[in-house]
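**Student:**
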Amino acid sequence: MRTVKEFVFLFFVSICFVVVSFLCPLNAQAQIEQVAKDVVKDMSPISGVVVMLQDGDVLIDLGSNKDVKVGDIFTVYVTEKVIRHPVTKKILGKTTIPIAVIEVIKVKPKFSICSILSAKKKIKPGLEVTRFSDIPAIFVDRVKQPPAEVLYGYLKTRLGDLNWLPDVTGGGEKLTSEVLEKNGIMVAIVAEPNAIKMYDRKLRLLRLWPWMPYPRVAVPPAGAP
Numbered sequence: 001m002r003t004v005k006e007f008v009f010l011f012f013v014s015i016c017f018v019v020v021s022f023l024c025p026l027n028a029q030a031q032i033e034q035v036a037k038d039v040v041k042d043m044s045p046i047s048g049v050v051v052m053l054q055d056g057d058v059l060i061d062l063g064s065n066k067d068v069k070v071g072d073i074f075t076v077y078v079t080e081k082v083i084r085h086p087v088t089k090k091i092l093g094k095t096t097i098p099i100a101v102i103e104v105i106k107v108k109p110k111f112s113i114c115s116i117l118s119a120k121k122k123i124k125p126g127l128e129v130t131r132f133s134d135i136p137a138i139f140v141d142r143v144k145q146p147p148a149e150v151l152y153g154y155l156k157t158r159l160g161d162l163n164w165l166p167d168v169t170g171g172g173e174k175l176t177s178e179v180l181e182k183n184g185i186m187v188a189i190v191a192e193p194n195a196i197k198m199y200d201r202k203l204r205l206l207r208l209w210p211w212m213p214y215p216r217v218a219v220p221p222a223g224a225p
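At position 106 of the sequence shown the residue is numbered 106 (my numbering), and the sequence of numbers has no breaks.
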């Protein structure tokens, strides 16, 4: 069941879509919707397990067959408690605790090799991993126009497993690896006039989704009245 806060946020996003429908041409609206779907598709949570550790890296049982790509970031979990039905004793679910964050550095058809970004406990085979889950992320709006605001609202509702934090870069003016690492940010989604870009904490470009939702401004030739 959604909370009052969630309903208020969804209402705000709906209002933003209405505003954009008046401020942007139809093709711009289509671009916003398409790039939003593309970002969500590439960052949607998928789960697997740790297969083994090899030379300091972690192998997981998800590869190109599951649309995993280099740069994908996974959280490693340990089981905290198994929830059982008091009468039937059937397992209803479990609670988990994140213990590590890993990043895909090489993708094979049925598995991927990941480097360890951080770890609170030892990573072992069999532990659960989930993509883009419980990871600190920010949205950096470098254009300050309605399309980017709508996109941010869409991503916050569709990628709720991410731990969305306020932008600490001043709209991109302080977008540096030092700022990201100091604030513990693992992923930065940056809206620019021509593309949506995703960076990791080292400011390495992980993804790029082209878009052009803003009307082009014709510049008159020199000497024109």
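Backbone N, C-alpha and C define an ideal beta-carbon position, used for all residues, glycine too.
Just so you know, these numbers come straight off a predicted model, no measurement behind them.
Could you give the DSSP three-state label for P45: helix, strand or coil?
**Tutor:** Looking at P45 - three-state DSSP - the assignment turns out to be coil, as it is neither helix nor strand.
**Student:** Please name the residue, chosen from Q145, K110, I97, that lies closest to V82 on a Cα-to-Cα basis.
**Tutor:** If we check each option's Cα against that of V82, I97 comes out closest.
**Student:** For M43 and T75, what's the separation of their Cα atoms in angstroms?
**Tutor:** Roughly 13 Å between the two C-alpha positions.
**Student:** How is the alpha helix (DSSP H) around E178 delimited, first residue to last?
**Tutor:** Taken as a continuous stretch (DSSP letters only), the alpha helix (DSSP H) holding E178 covers 177–182.
**Student:** Measuring only the C-alpha atoms, how far is K182 from P86?
**Tutor:** Answer to the nearest angstrom: the Cα atoms are 45 Å apart.
**Student:** Which residue spans inside the region 61–147 form an unbroken beta strand (DSSP E) run of at least 3?
**Tutor:** Runs found: 73–84, 91–107, 112–119, 128–131, 136–141.
**Student:** For D161, which option in P45, E33, G153 has the closest C-alpha, if you only look at C-alpha atoms?
**Tutor:** Here the closest residue by C-alpha is P45.
**Student:** Taking D55 as the reference, give the member of I113, L208, V101, I189 with the closest Cα.
**Tutor:** Of I113, L208, V101, I189, the residue nearest in Cα terms is I113.
**Student:** Is the CB-CB distance between S118 and A100 below 8 Å?
**Tutor:** Yes, Cβ-Cβ distance for S118 and A100 is below 8 Å.
**Student:** From the DSSP output, read off the bridge partner residues of Q54.
**Tutor:** According to DSSP, Q54 bridges with D57.
**Student:** Are the beta-carbon atoms belonging to L59 and F139 less than 8 Å from one another?
**Tutor:** No, the pair does not count as a contact, with Cβ atoms beyond the cut-off.
**Student:** If you compare alpha carbons, which of L62, S115, V143, D200 is closest to L53?
**Tutor:** When only C-alpha atoms are compared, the closest one is S115.
**Student:** Report the residue from P109, V49, T79, V78 whose alpha carbon sits nearest the alpha carbon of V70.
**Tutor:** With distances taken between Cα atoms, V70 lies closest to P109.
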